[in-house]
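Worksheet: one structure, shown below.
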Amino acid sequence: MEAGNVSAIISATAGICGVLLGNSFVLIKEWWIKRKSVNQATAYLAIICASHLDRFASECFNVCVDDGTSHGQPAGKDGHYEATTSVPSFQPLDLDVDWRLIPKDLMYLILRIPDQQEKIHGKLRVIQDFDYDPPDHPEYFWTRQRGYAVLGLQVSDIANKLRLHAGLPIEKSLVGEWDRNKSMIEVVAHLDELKRKSLLRETRN
């Protein structure tokens, strides 16, 4: 092969490699910018959504310790037990975030929270219609308190999973500091013990 042809081939190859290398740099730069943008949007979603989830979990705690009394006395009229707390509300689709940024399993857990809450309310409506048992309404308040304690724990866990996905820190209670989740776990254990004792008394009778 003549020297001129070799030189031409080398020049052409170098030109093609230069173009390919330049295009690669452009693609890498665009990928990096897009990745950075996605990460920022995901972090924004996690910060906004986790804040709402934490607030919802705290309101669930308020409901789970509401036994229908106020200062140790029935909260309603004529000695009736009556709820003193309003139920919380969480409408994820009202949040201005792009849910497609998070894994589908995590998105599913978040978006079905209102459905889980509605299941609790469905049980409470049945109890109100068929087993209200005045004046203390034990089954109603047991179901309401336990349902919201369990839901609050689930929501708190979802918030932490969201933070982990976005690379955000998870807040932990200091030793000796009040812990919302631990308190809800204790509420569930206490209510289950009350239920066990109630069923035991019914069996003996």
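In our numbering, each residue carries its 1-based index in the sequence shown increased by 15.
By construction, the Cβ of each residue, glycine as well, lies at the ideal position given by its N, Cα and C atoms.
Remember, predicted model here, so these are calculated numbers, not experimental data.
With contacts defined by Cβ atoms closer than 8 Å, L68 and V170 form a contacting pair. The C-beta distance from F145 to D82 rounds to 21 Å, too long to fall under 8 Å, and the pair is not in contact. DSSP, read as helix, strand or coil, puts P89 in strand. Counting only runs of 4 or more residues that sit fully inside the segment 137 to 220, the alpha helix (DSSP H) segments are 153 to 181, 195 to 219, in chain order.
By alpha-carbon distance to E201, the top candidate from F76, T57, D148 is F76. The beta-bridge partner set that DSSP reports for T84 consists of P89. Secondary structure at A98: coil, using DSSP grouped into helix, strand and coil. Burial check for I142: the Cβ neighbour count within 10 Å reaches 16 or more, so the residue is buried. In this structure, the beta-carbon distance from A72 to G167 falls below 8 Å. By the criterion of at least three beta-carbon pairs nearer than 8 Å, the segment 110 to 129 is in contact with the segment 171 to 180. In the three-state reduction of the DSSP assignment, F71 falls in the helix class, which pools H, G and I. Straight across, the Cα-Cα distance linking S85 with A98 is about 9 Å.
Here the alpha carbon of T158 sits roughly 19 Å from the alpha carbon of R195.
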